[in-house]
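S.K.: Residue numbers (my numbering), protein chains in the order written: chain A, 146 to 438; chain B, 2 to 403.
We treat Cβ as the ideally placed atom computed from N, Cα and C, and that holds for glycine.
Here the structure is a predicted model, which means the values were calculated and not measured.
1) Using a Cβ-Cβ cut-off of 8 angstroms (strictly less than) and excluding sequence neighbours within five positions of residue 234 of chain A, which residues of its own chain qualify?
2) Taking Cβ positions, are residue 367 of chain B and residue 284 of chain B nearer each other than 7 angstroms?
3) For residue 82 of chain B, which residues from the same chain have a beta carbon less than 6 angstroms from its beta carbon, with the 5 sequence-adjacent residues on both sides left out?
4) State the beta-bridge partners of residue 347 of chain B as determined by DSSP.
5) Going residue by residue through the stretch 29-99 of chain B, where are the continuous beta strand (DSSP E) segments of at least 3 residues, counting only ones entirely within it?
6) With three or more C-beta pairs closer than 8 angstroms as the rule, is the stretch 281-297 of chain B touching the stretch 202-216 of chain B?
7) Secondary structure at residue 170 of chain A, three-state DSSP: helix, strand or coil?
8) Would you give the residue range spanned by the beta strand (DSSP E) that residue 251 of chain A belongs to?
9) Determine the chain B residues that contact residue 174 of chain A at a beta-carbon separation under 7 angstroms, and present them in chain order.
10) Helix, strand or coil: how does DSSP classify residue 349 of chain A here?
11) Straight-line CA distance for residue 258 of chain B to residue 147 of chain B?
12) Out of curiosity, what's the CA-to-CA distance linking residue 222 of chain B and residue 176 of chain A?
13) Please confirm if the stretch 261-280 of chain B is in contact with the stretch 334-352 of chain B, defined as three or more CB-CB distances below 8 angstroms between the two stretches.
14) So, at 7 angstroms on beta carbons, what are the nonlocal neighbours of residue 154 of chain A in its own chain, with the 5 sequence-adjacent residues on each side left out?
15) Are residue 27 of chain B and residue 324 of chain B close, meaning C-beta to C-beta below 7 angstroms?
16) For residue 117 of chain B, does the three-state DSSP call read helix, strand or coil?
17) Residues of chain A with CB closer than 9 angstroms to the CB of residue 219 of chain B, please, in chain order.
18) Identify which residue in B:179, B:42, B:110, B:204 has its Cα closest to the Cα of residue 306 of chain B.
19) Use the C-beta contact count for residue 149 of chain A: other C-beta atoms within 10 angstroms, 16 or more gives buried, fewer gives exposed.
20) Starting from the Cα of residue 439 of chain A, find the closest Cα among A:227, A:151, A:301, A:312 and give me that residue.
21) Under 8 angstroms, CB to CB, which of the residues in the stretch 227-247 of chain B have a partner in chain A?
22) Would you mind working out which of B:396, B:241, B:265, B:187 sits nearest residue 309 of chain B, comparing C-alpha positions?
23) Can you give me the Cβ contacts of residue 55 of chain B inside the same chain, cut-off strictly under 7 angstroms, excluding the 5 residues immediately before and after it?
24) Could one say the Cβ of residue 264 of chain A lies closer than 7 angstroms to chain B's Cβ atoms, at least one of them?
25) Can you tell me the Cβ-Cβ gap for residue 215 of chain A and residue 189 of chain A, rounded? I've got them flagged as a contact below 8 angstroms.
26) Which value, in whole angstroms, describes the spacing of the CA atoms of residue 282 of chain B and residue 247 of chain B?
27) Taking one C-beta from the stretch 284-298 of chain A and one from the stretch 323-331 of chain A each time, how about it: are there three or more such pairs within less than 8 angstroms?
28) Are residue 372 of chain B and residue 336 of chain B touching if we call contact CB-CB under 7 angstroms?
29) For residue 398 of chain B, count neighbouring C-beta atoms within 10 Å of its own C-beta (all shown protein chains included) and say buried if the count is 16 or more, exposed if not.
30) In chain order, which alpha helix (DSSP H) runs of at least 4 residues are fully inside the stretch 261-337 of chain B?
31) Does residue 31 of chain B get closer than 7 angstroms to chain A when you measure Cβ to Cβ?
32) Between which two residues does the alpha helix (DSSP H) harbouring residue 214 of chain A extend?
33) Given that a residue counts as buried once 16 or more other Cβ atoms are within 10 Å of its Cβ, and exposed if not, what is residue 241 of chain B?
34) Compare the C-alpha of residue 205 of chain A against each of A:239, A:180, A:167 and name the closest.
35) Check residue 312 of chain A in the structure and name its three-state DSSP category.
36) How would you list, in chain order, the residues of chain A whose beta-carbon sits under 9 angstroms from the beta-carbon of residue 213 of chain B?
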């Protein structure tokens, strides 16, 4: 497990990351969301040791992270980084070797991944000669070599076509299945919702929400929608509830006092037909908008 | 991908990171066409220059010397004595009737020069249409001096030998006659040029490869995997190795080529200075390479390099022109001042007259300077490299948190 504790970074007078804490549990995908400039990249760079930490610490398996730990991490920087004018096989082997892989093992591993991503025929091509999507695939390979102990990916899905997104997702899932913690940032909330076990929301350098997707959706004041056979105007008079919306036979309420929703259902059935009574969980995008507002 | 959950691998390399970086620098450069073509072109230039020199060697200079009757005797003496002074000059004498005929012959190009008693009655005068008769002038001067000296000696009741007794000076290497000085001059120029050329080309290359890494952000991947000082060390070492290999190729081609010219007798005497030059080249190059790496790390895009490397390109020019033009006391002082000493001291060694301890002290100072630039360069490089968004000033880099 990767733990981020009270991580803080200032640039001059501006605090880019302000006492941010969260966890990236083993075998889980943690989505990192927030507006541009919220501090996601800065946090990830601090985790990877690319940027100095002003305050706070990063723990890996319970103890402060070391350079050797980081060497076993897979990292994809925000702005993609590889050599444009070098054959892809050569530079991937180089990156793998820098991370401590043996030359033979590195070659075999790179070759296998290139084939898997449909680049087996292009090992001698310079990176800049590949399409953007293929460059992205090469970048992914660079970050998962050698089998990483943890994955820190900054916007790994940006610029990927749907097919590439799927193969990327498969690849990440393989790693989480092996118990690897994965932290990735993204602007694509639907993707985050589909993929993530957990979510961390940053706004202006502060953590404003964190937890599993279900936790986040359950957090906050519970809301219910009630659809009746007749007019729902009477709902306004019920105590312990706030009516958010009332439209003919349909009412949307927020529960202020525990149990108030039970009285509401009882009263509704007493008055006539109840077509629908459901808990309304906010979409992730709503939570995000509220959290970052 | 396998489902193996263990994170420890058996096939880990014990190869230090800097060595991996060094190897990548060397391999990616040595397989680069423009590098190979550039090196080949330089070799062709060296061979061409030596070939031209050899051809000039063989060539003899045929000159026609006009003389009025009162100067025929002297002109003939010049003709006979020419080969002793300069074996590449052959003089033919044409007898002319008077001064007017001589001037006409000069204008008509029938003769290259006209020898006659000086108009003020003291000594001799060589008149030619242009000043392009250097070899003839040298020969004439020497012979006339000999002749007049002999006559004057005889008049004084003695002989030239008697006058010159005990005045002979044996000179040690490359100082003394014009040819030796010229060889020292040319080889000295070659040293300065080779250093300038290598430091500039490899320096620029090093700086732009630093920018390439910074701009493409691969540096973040590298920084997460290995300490940045290993990256810098690998880059500097790789480029130094390449520069030295290239230098050795040029030197070998140059020296072997020289052995085919009439200057081959100077080869044994050149080996010492050449060895010193390689030492100075190495220390000087390492010192500058670190500064080039810093220049690269301060820029954030290739377009910035022009600005961040200006102080360095100025320094290179100072070294180049200083190396070529300094002489006397200034040269002696400069030969101890790093990094200019990297080119000036080898040139002084070449010219001769250097105490044995002087190169050692200069090399020691240069090595110390290199150590300082490596130390300072490493700090600046490390701090500037991961700063994004525009150019980084030296002050920012120095005070930046890591």
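M.R.: So, from the data block:
1) 252, 255, 256, 259, 268, 269
2) yes
3) 144
4) DSSP, once it has assigned bridges, lists no residue as partnering residue 347 of chain B.
5) 62-68, 90-96
6) yes
7) coil
8) Residue 251 of chain A -> not in any beta strand (DSSP E); alpha helix (DSSP H) instead, spanning 248-261.
9) Per Cβ cutoff of 7 angstroms: no residues; residue 174 of chain A is ~16 angstroms from chain B at best.
10) coil
11) 37 angstroms
12) 21 angstroms
13) yes
14) 161, 162, 187, 191, 196, 198, 199
15) no
16) strand
17) 222, 225, 226, 227, 228, 236, 240, 287
18) B:204
19) buried
20) Any property of residue 439 of chain A remains undetermined from this structure, which presents chain A solely from 146 to 438.
21) 227, 228
22) B:396
23) 261, 262
24) no
25) Actually they do not touch by this definition, with Cβ atoms about 12 angstroms apart.
26) 12 angstroms
27) yes
28) no
29) buried
30) 268-299, 306-309, 311-326, 329-335
31) no
32) 212-216
33) buried
34) A:167
35) helix
36) 228, 229, 230
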